[in-house]
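In my numbering, the protein residues as written are 1 to 98. Below is one structure, written out as structure tokens; comments come after it.
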DNA sequence: TTTGCGGCAGGCC
DNA sequence: CGGCCTGCCGCAA
């Protein structure tokens with residue numbers, strides 16, 4: 001199974017209302033410093049909507065980028081119950097742990 | 001808080 | 001097959 005396959009699968013473990021970070025996701029699949037690689041895979045997400053790539057944010061707490069626009073990403077998160085304040089995650093407890 | 005540079009998979013020569 | 005470039009990051013300075 002390709003790495004990206006594992007990444008998407010891993011991401012499906014993140015429940016609605018919670019998020020994860022690029023770094024954590026990278027490590028979850030065996031990459032020590034593959035945050036950027038993860039972001040790239042998300043960007044080219046072959047399974048839009050099915051894979052909740054909008055639940056992946058930066059370790060700093062900032063929302064991070066999104067192929068369809070950061071606003072869309074933020075709205076989707078808010079709609080799932082993840083509050084965002086000025087581009088930042090309002091509640092750090094919402095970060096899912098693998 | 002902003003800046004710079006390291007690190008990684010995948011696609012394209 | 002090898003090298004170069006890109007891209008939703010991370011962290012130290």
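Note that the Cβ used here is the ideal one computed from N, Cα and C, for glycine as well. Values in this document were obtained by computation on a predicted structure and should not be read as measured data.
Cutoff 6 Å; reference residue i; Cβ partners in own chain excluding five residues on either side
{"i": "residue 53", "result": "42, 45"}
Distance between beta carbons of residue j and residue i, contact taken as under 8 Å
{"i": "residue 91", "j": "residue 83", "result": "6 Å"}
Rounded separation between residue i and residue j - CA only
{"i": "residue 39", "j": "residue 93", "result": "22 Å"}
{"i": "residue 60", "j": "residue 11", "result": "19 Å"}
{"i": "residue 69", "j": "residue 63", "result": "11 Å"}
{"i": "residue 89", "j": "residue 51", "result": "20 Å"}
{"i": "residue 47", "j": "residue 28", "result": "20 Å"}
Chain-order list of residues whose beta-carbon lies under 8 Å from that of residue i (same chain, five-residue window excluded)
{"i": "residue 26", "result": "32, 33, 34, 35, 37, 38"}
{"i": "residue 78", "result": "84"}
{"i": "residue 19", "result": "55, 56, 57, 77, 82, 89, 94, 95, 96"}
Proximity below 8 Å, CB of residue i to CB of residue j
{"i": "residue 58", "j": "residue 8", "result": "no"}
{"i": "residue 98", "j": "residue 13", "result": "yes"}
{"i": "residue 16", "j": "residue 80", "result": "yes"}
Close-in-space but distant-in-sequence residues of the same chain around residue i (CB under 7 Å, 5 per side omitted)
{"i": "residue 66", "result": "54, 72, 73"}
{"i": "residue 87", "result": "62, 63"}
Segments of 4+ residues assigned as alpha helix (DSSP H) that fall wholly inside the stretch 33 to 61: Complete alpha helix (DSSP H) runs here, min 4: 35 to 43.
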